[in-house]
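Read top to bottom, the protein sequences are chains A and B.
Residues in the first sequence are numbered from 5 upward in steps of one, following this note's numbering.
Residues in the second sequence are numbered from 5 upward in steps of one, following this note's numbering.
We put the CB at the ideal spot given by N, CA and C, even for glycine.
Protein chains: 2
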Amino acid sequence: MSTKLKHIRHAPEDNRESDVDSTHLAEAEQTDLVKSLALSFRENEPESAKLLVSHIHSADLADVFELLDGQTRKWLTNLLRDSLDPDLLPELEGQAFDDVISVLDTSEIAEAVTSLDMDDAVYVLDEIGSSKQQQDVLDTIAVDERILIEQAFTYPQDSAGRMMQKNFIAVPSFWTVAQTIDYLRSEEKLCKDFWEIFVVDPQHHPVGTMPLSWILRSETDVKMSDIMAVEQSLIPVEMDKEEVVYSFRQYNLVSAAVVDYAGRLVGMITVDDIVDVMEEEAEEDILALAGVREGDVNISIGEIARTRFGWLLVNLGTAIMASVVIAMFGADIEKLVALAILMPIVASMGGNAGTQTMAVTVRALASKEITPANAHRIVGKEFIVSLINGVLLAAIMGIFAGVWFDNTQLGLVIAAAMVINLAVAGLSGILVPLGLDKLEIDPAVSSSVFVTTITDVIGFLAFLGLAAVFLI
Amino acid sequence: MSTKLKHIRHAPEDNRESDVDSTHLAEAEQTDLVKSLALSFRENEPESAKLLVSHIHSADLADVFELLDGQTRKWLTNLLRDSLDPDLLPELEGQAFDDVISVLDTSEIAEAVTSLDMDDAVYVLDEIGSSKQQQDVLDTIAVDERILIEQAFTYPQDSAGRMMQKNFIAVPSFWTVAQTIDYLRSEEKLCKDFWEIFVVDPQHHPVGTMPLSWILRSETDVKMSDIMAVEQSLIPVEMDKEEVVYSFRQYNLVSAAVVDYAGRLVGMITVDDIVDVMEEEAEEDILALAGVREGDVNISIGEIARTRFGWLLVNLGTAIMASVVIAMFGADIEKLVALAILMPIVASMGGNAGTQTMAVTVRALASKEITPANAHRIVGKEFIVSLINGVLLAAIMGIFAGVWFDNTQLGLVIAAAMVINLAVAGLSGILVPLGLDKLEIDPAVSSSVFVTTITDVIGFLAFLGLAAVFLI
């Protein structure tokens, strides 16, 4: 019995012609499809390529586009340009997006953007790198749609205003359930899928939320104001998207009203957009901790090299700093070469212990599990933890080094250096991200270079310094 | 103008008494609240503590519980036991959960569990560590509810069966919209919030999905089978929760039907649970890459030390391995101490470059951006990227070392060693996670120890080996 997701294509009332059964692409099928498309490109068989991708869900097709090499991707875009599903565009990112856009002309992009939800339209325009092309596309869009999109661009990057849809449903609080249902049935231009409607006062301030299930389960003659949920999570239009995500998670929201500076309802954010933002944020954090700014596997080699080089250069600088510390003890190393052999152990154990504490701290800060309310208690805990593990590991390493080099004093020196360095590692692993967070610098991005520099320098200094005093 | 989320407590029809306006807890308010509660505990003022937490949303209260120290947490639980909101329990995790449960007695836990949705009830029972207490609670629950919960436990850990709710709505496909609405209005025992209903055939196989907005916008005399979405993402009951998350993201789902081995509808998963799982997974990945098994800041010091020790011990082993490599060149280091000074640079640059590639690969594997369809192309890319950055950084370091020690040959040797080690780092950074993934070992957990061991050993070996041949 397979655990494969059965994904069956839909046939909603408005496009019944797409009533085709097709299953979600399993990995093997996807791999075969990518290979077949590459073959069709090489053998220049456009008809077979078109046949291969017909009936593929736009989200799955986007994945296939991202797996193709650039040339095949552009060739396929050109083949599909007349029948391109607009929903494909917001599913693409990075290089794959750029390649597809480079093939389409301005009017085709404008047409696709017009048929998208506002949040998706804003995403697509935002992803178009050149501001000239962005403007050209905007100029081609009908004026009423254009005004809405341009308004979204007045909100700060990464704000709720950029994420929200304009296509929401609001009704006055004095309406009855029957009036609301009549309105929903008669009004042509409503969005297709919605989960909650908002209840507003005459100034268009949201005063309540009404999940559709409540409307369906209420008597038809009661007023909205009598049954609506007065609990509302109102998202200010300029709220940062990380905070928006936090609100959705915290209060298990499905959709939320977005309000402008005057508290008026101006948009709606739905949970499917939140899921996408969460995925991005998680990716950013993991990559940032490893010193990578961009994780798109489709960008060019030169671009990838550039996104990695800066971090490596910074680390070269800090590695040289650590070497300068070692150089101060050159004469001691000449006398006792065991110091050179053992010193990387002290530094690397400090680095590992510091990274552990740092990763926990960065995550706990992001999920608000560390706040000013408990920070001092957790710093104390981490310090004691690093002392405990420091003493245990130092004992093991001290005995091992003492036996290896038949030198008890050397064993004692490395043990002492390890206790010192692991304690420093524990403290810097928590204090560095806390400090950066207080300075409003993203701790995920900058913590690890500070922490490893500290543990390298202190590691070499403690071990070689103690050796110079007690051994040489 | 504040970007604070305004969170106003709700008053749904069934508990209008809680009709109180209260705002979402901003960080400063939360900090004050935690301090005030700790003070109330110290001065033994139960009434003021109760007043402080009245009207706090259960999700916010859970955060406050997690920020309190253990003693205050237990004291507060005891104060609130008679009025405890059952929704608090599924919002808690780790030590905070354990502390609260330790105060409550079996019948209180059973009562709370009974009033929760099935997925939350399963979570709470699952989090109860002792299987005896778990059984005691189960035995106290009414038999019909108990059977449902026990059935959920027959599904594998981390499977869709454990996440799903039993409280979904299914209607036959021959019903009209009017019949469906009548049913929704008249049936007493439906769940409160739902977003889609499922359409089933006589064998209870799901044949379509109906978003509530479609029901509200359709004519009342049409049949469900004529308007339902035939597109369905059916989740097999034993599907792993990571795959479930992937499906929700991929197809922008709000809820999905869960089907058993025979394809019959047995449950429903909603997107708010997906959001929680995503958060967990992101946390697990970040912590795993840093070698931490458990990120709960509330567990005891001994427990934290234990969750970190294993990884540090493994790394001590690999650090010693690297030292053994250095020891092979002890005589060379005695002759040229510059080798000892420079060798950590070669190893550490390899480690950093390898970690960059590894983080990108682990993420791309998790989000299915690397699959067998494009893996070979990306391995080739990473190798070339690491050569480019290797050559650039080697040139910088070679010149620097040549000048520092006034030794051109030393500069050439360290440059050559860096090119070799960065190329090895790039390759191992992608091949190790790909290989582990193929062996079905989580690449996030085990990659970094392999990668850093390889880059340490090759770093020392290449630099000291080349030096031994060309310099000494």
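Just checking my contact of residue i with residue j at CB under 8 Å: how many whole Å lie between their CB atoms?
{"i": "ASP197 (chain A)", "j": "PRO215 (chain B)", "result": "6 Å"}
{"i": "VAL364 (chain A)", "j": "GLY406 (chain B)", "result": "About 42 Å; that fails the 8 Å criterion."}
{"i": "ILE273 (chain B)", "j": "VAL262 (chain B)", "result": "6 Å"}
{"i": "ASN393 (chain A)", "j": "ARG297 (chain B)", "result": "Between ARG297 (chain B) and ASN393 (chain A) the Cβ distance is about 14 Å, and since that is not below 8 Å, they are no contact."}
{"i": "VAL455 (chain B)", "j": "MET347 (chain B)", "result": "Not quite, the Cβ-Cβ distance comes to about 19 Å (not below 8 Å), so this is no contact."}
{"i": "THR76 (chain A)", "j": "VAL104 (chain A)", "result": "Contact flag wrong, Cβ pair sits at about 12 Å."}
{"i": "LEU343 (chain A)", "j": "ALA471 (chain A)", "result": "5 Å"}
{"i": "SER390 (chain B)", "j": "ALA357 (chain B)", "result": "6 Å"}
{"i": "MET232 (chain A)", "j": "VAL203 (chain A)", "result": "5 Å"}
{"i": "PRO345 (chain B)", "j": "ALA331 (chain A)", "result": "According to the sequence displayed, residue 345 (chain B) carries Ile and not Pro. The pair is a contact, with the Cβ atoms about 5 Å apart (cut-off 8 Å)."}
For residue i, which residues of its own chain have a beta-carbon under 6 Å away from its beta-carbon, when the five flanking residues on both sides are left out?
{"i": "GLY295 (chain B)", "result": "TRP315"}
{"i": "SER6 (chain B)", "result": "Model confidence at SER6 (chain B) stands at a pLDDT of 38, short of 50, so the residue's coordinates are unreliable and nothing is read from them."}
{"i": "GLY415 (chain B)", "result": "GLY402, ALA405, GLY406"}
{"i": "PHE387 (chain B)", "result": "GLY430, LEU431"}
{"i": "GLU17 (chain A)", "result": "A caution first: GLU17 (chain A) carries a pLDDT of 36, below 50, which makes its placement in the model unreliable, though a value can still be read off. Excluding residues within five positions, none has a Cβ falling inside 6 Å."}
{"i": "VAL428 (chain A)", "result": "ILE462"}
{"i": "GLY433 (chain A)", "result": "GLY358, THR361, MET362, VAL455"}
{"i": "SER44 (chain A)", "result": "SER52, ALA53"}
{"i": "GLY267 (chain B)", "result": "HIS209"}
Find the residues of chain A that neighbour residue i, judging by a C-beta separation of less than 8 Å, and give them in chain order.
{"i": "ASN319 (chain B)", "result": "SER352, MET353, ASN356"}
{"i": "MET282 (chain B)", "result": "VAL279, MET282, GLU283, ALA286"}
{"i": "GLY469 (chain B)", "result": "Ordered by position in chain A, no residue passes the 8 Å Cβ test against GLY469 (chain B), which lies about 15 Å from the chain."}
{"i": "LYS39 (chain B)", "result": "ALA377"}
Whose Cβ in chain B lies nearer than 7 Å to the Cβ of residue i?
{"i": "PRO215 (chain A)", "result": "ASP197"}
{"i": "MET401 (chain A)", "result": "LEU320"}
{"i": "ARG166 (chain A)", "result": "Near ARG166 (chain A) there are no residues of chain B at all, since even the closest Cβ is about 14 Å away, more than 7 Å."}
For a quick check, are the C-beta atoms of residue i and residue j less than 9 Å apart?
{"i": "ALA335 (chain B)", "j": "ALA448 (chain B)", "result": "no"}
{"i": "ALA42 (chain A)", "j": "GLU70 (chain A)", "result": "no"}
{"i": "ALA164 (chain A)", "j": "GLU242 (chain A)", "result": "yes"}
{"i": "ASP123 (chain B)", "j": "ALA326 (chain B)", "result": "no"}
{"i": "LEU257 (chain A)", "j": "VAL275 (chain A)", "result": "yes"}
{"i": "VAL175 (chain B)", "j": "TYR159 (chain B)", "result": "no"}
{"i": "GLU338 (chain A)", "j": "VAL395 (chain B)", "result": "no"}
{"i": "GLY271 (chain A)", "j": "PHE172 (chain A)", "result": "yes"}
{"i": "SER222 (chain A)", "j": "ARG189 (chain B)", "result": "yes"}
{"i": "ALA286 (chain B)", "j": "GLU285 (chain A)", "result": "yes"}
{"i": "CYS195 (chain A)", "j": "ASP121 (chain A)", "result": "yes"}
{"i": "ILE185 (chain B)", "j": "LEU220 (chain A)", "result": "yes"}
Give me the chain B residues within the contact set of residue i, using Cβ-Cβ distance strictly less than 8 Å, ordered along the chain.
{"i": "MET272 (chain A)", "result": "Chain B residues near MET272 (chain A): none, gap ~13 Å exceeds 8 Å."}
{"i": "GLN360 (chain A)", "result": "ALA294, GLY295, VAL296, ARG312, TRP315, LEU316"}
{"i": "LEU346 (chain A)", "result": "SER327"}
{"i": "LYS245 (chain A)", "result": "What LYS245 (chain A) touches in chain B: nothing, since even the nearest Cβ is about 11 Å away."}
{"i": "ASP371 (chain A)", "result": "With the sequence shown as reference, residue 371 (chain A) is identified as Ser, and Asp is not the correct amino acid for it. Neighbours of SER371 (chain A) on chain B, chain order: GLU283, GLU287."}
{"i": "THR158 (chain A)", "result": "Those within 8 Å of THR158 (chain A) in chain B number zero; the least Cβ separation is about 15 Å."}
{"i": "ARG1 (chain A)", "result": "Nothing about residue 1 (chain A) can be reported from this structure: the residues present for chain A run from 5 to 476 only."}
{"i": "GLN99 (chain A)", "result": "The contacting residues do not exist; GLN99 (chain A) stays about 11 Å from chain B at best."}
Could you tell me which chain A residues have their CB closer than 9 Å to the CB of residue i, listed as they occur along the chain?
{"i": "LYS193 (chain B)", "result": "Per Cβ cutoff of 9 Å: no residues; LYS193 (chain B) is ~12 Å from chain A at best."}
{"i": "HIS61 (chain B)", "result": "GLU235, GLN254, TYR255"}
Can you name, in chain order, every residue of its own chain whose Cβ lies under 7 Å from the Cβ of residue i, other than the five neighbours on each side?
{"i": "ALA379 (chain B)", "result": "LEU438"}
{"i": "VAL329 (chain B)", "result": "VAL461, PHE464, LEU465"}
{"i": "SER451 (chain B)", "result": "MET362, VAL366, VAL436, PRO437, LEU440"}
{"i": "GLU21 (chain B)", "result": "Low local confidence applies: a pLDDT of 34 at GLU21 (chain B) is under 50, so the model's placement there is unreliable, and no value is given."}
Find the residues of chain A that neighbour residue i, judging by a C-beta separation of less than 7 Å, and give them in chain order.
{"i": "PHE252 (chain B)", "result": "VAL279"}
{"i": "ASP289 (chain B)", "result": "ILE290"}
{"i": "PRO90 (chain B)", "result": "Those do not exist, as PRO90 (chain B) stays about 14 Å from chain A at its closest Cβ, beyond 7 Å."}
{"i": "ALA309 (chain B)", "result": "VAL389, ILE392, ASN393"}
Looking only at its own chain, which residues have a Cβ that is under 8 Å from the Cβ of residue i, when we skip the five neighbours before and after it?
{"i": "VAL350 (chain B)", "result": "ILE418, ALA421, MET422, ASN425, GLY463, PHE464, ALA466, PHE467"}
{"i": "LEU84 (chain B)", "result": "LYS54, VAL57"}
List, in order along the chain, the chain B residues whose C-beta lies closer than 9 Å to that of residue i?
{"i": "VAL57 (chain A)", "result": "Chain B residues near VAL57 (chain A): none, gap ~14 Å exceeds 9 Å."}
{"i": "ASP67 (chain A)", "result": "GLN254, LYS372, GLU373, THR375"}
Problem - Three CB pairs or more closer than 8 Å across the region 371-387 of chain B and the region 299-310 of chain B - result: no
Exercise for the section: Specify whether the region 136-143 of chain B and the region 109-122 of chain B touch according to this definition: at least 3 beta carbon pairs, one from each stretch, less than 8 Å apart. Expected result: yes
Practice task
Pair every Cβ in the region 90-110 of chain B with every Cβ in the region 48-57 of chain B, then say whether three or more of these pairs are closer than 8 Å.
Solution key: no
Handout entry: the region 161-178 of chain B in contact with the region 227-240 of chain B per 3-pair CB rule at 8 Å
Key = yes
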